[in-house]
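Since the structure comes first, as structure tokens, the remarks are kept for the end.
In my numbering, the protein residues as written are 38 to 286.
Below is the structure:
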């Protein structure tokens, strides 16, 4: 069961029509129909209102009963330069500074399995080589609802052999993302990364690093942290840096 199915199920359990739910959200019944059919998704601000009306957590709407422990949970939000400076000041005063580094990430996809190119939608799966100081890391991620993901990575110790392997497998380079990242540890629980990405601008990424509760509740806590930092939840980025690079969006 996915997000749209859960909205429909909870709405029906409350004996509420699509029009009645639409009226409470100040949207059209066509919007409700589109969400429940999984053609489109409500933004996070609307999800917060839906969770209040249907009396469930935002985490439940997104995760359902999934309470995996081996996950990565985060949100990424586009910032203006002024918002970036303000958040950076907050982090310097209230968080532990971890590191500053430049990151160069090259994204690939197999020719027979299009992760992104020719399929203009948010990227859910990627294969990436990331330069982290003197290390090169090969990373694979598979995202679910762009909220949490499966992740596997290994350090590369032979570039030439890896290039040969990629050529044999028919992997093509689809995007290069160059960014400067300042990383902080916030509230003894969250890793906050402030990114400046070439040609894209400013972003903040907040990731849960210590799981004290199940994934559903942790995601709700993450949203509260974002709201406490006065972040605009409507600017949450679900597409990913390579999408914006490829489509100049």
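Backbone N, C-alpha and C fix where the C-beta goes; we use that ideal spot for every residue, glycine too.
* **Local Cβ density within 10 Å of residue 43, reported as buried at 16 or more and exposed below that** => Buried is the call here.
* May I ask you to report which of helix, strand or coil DSSP gives residue 79? => DSSP places residue 79 outside both helix and strand once states are collapsed to three, so it counts as coil.
* **Residue interval of the beta strand (DSSP E) (run including residue 227)** => Where residue 227 is concerned, the enclosing beta strand (DSSP E) stretches over 227-234.
* Do residue 140 and residue 211 have their CB atoms nearer than 8 Å? -> Not closer than 8 Å, so no.
* How far does the beta strand (DSSP E) with residue 250 in it reach, from first residue to last? -> Boundaries for residue 250: no beta strand (DSSP E) harbours it, and the DSSP string shows neither H nor E there.
* Would you tell me roughly how many angstroms separate the C-alpha atoms of residue 116 and residue 272, rounded to the nearest one? => Computed Cα separation, rounded: 8 Å.
* With DSSP run on the structure shown, which of helix, strand or coil describes residue 187? -> Three-state DSSP puts residue 187 in a strand.
* Check whether the Cβ atoms of residue 256 and residue 100 sit closer than 8 Å, and answer yes or no. => Taking 8 Å as the Cβ cut-off, residue 256 and residue 100 qualify as a contacting pair.
* Of the choices 285, 130, 264, 175, whose alpha-carbon is the least far from that of residue 234? -> Checking every option, the nearest Cα to that of residue 234 belongs to 285.
* To do: State yes or no: is the C-beta of residue 248 within less than 8 Å of the C-beta of residue 134?
  => Not in contact: residue 248 and residue 134 (Cβ atoms no closer than 8 Å).
* Between the C-alpha atoms of residue 254 and residue 202, what's the straight-line distance to the nearest angstrom? -> One alpha carbon belongs to residue 254, the other to residue 202, and they sit about 42 Å apart.
* Do residue 125 and residue 231 have their CB atoms nearer than 8 Å? -> Yes; because the gap between Cβ atoms is below 8 Å, this pair is in contact.
* With a threshold of 16 other CB atoms inside 10 Å of the CB of residue 106, please say whether the residue is buried or exposed. => Residue placement at residue 106 is flagged as unreliable, the pLDDT there being 48, under the threshold of 50; the coordinate-derived value follows with that caveat. Classification of residue 106: exposed, given that the 10 Å Cβ count is below 16.
* In whole angstroms, what is the alpha-carbon distance linking residue 143 and residue 276? -> Going by the C-alpha atoms only, they are around 16 Å apart.
* Coil, strand or helix - residue 245 by DSSP -> In the three-state scheme derived from DSSP, where H, G and I count as helix and E and B as strand, residue 245 is classed as strand.
* Asked: Assuming residue 93 and residue 47 make a contact with CB atoms under 8 Å, what is their CB distance in whole Å?
  -> About 6 Å; that satisfies the 8 Å criterion.
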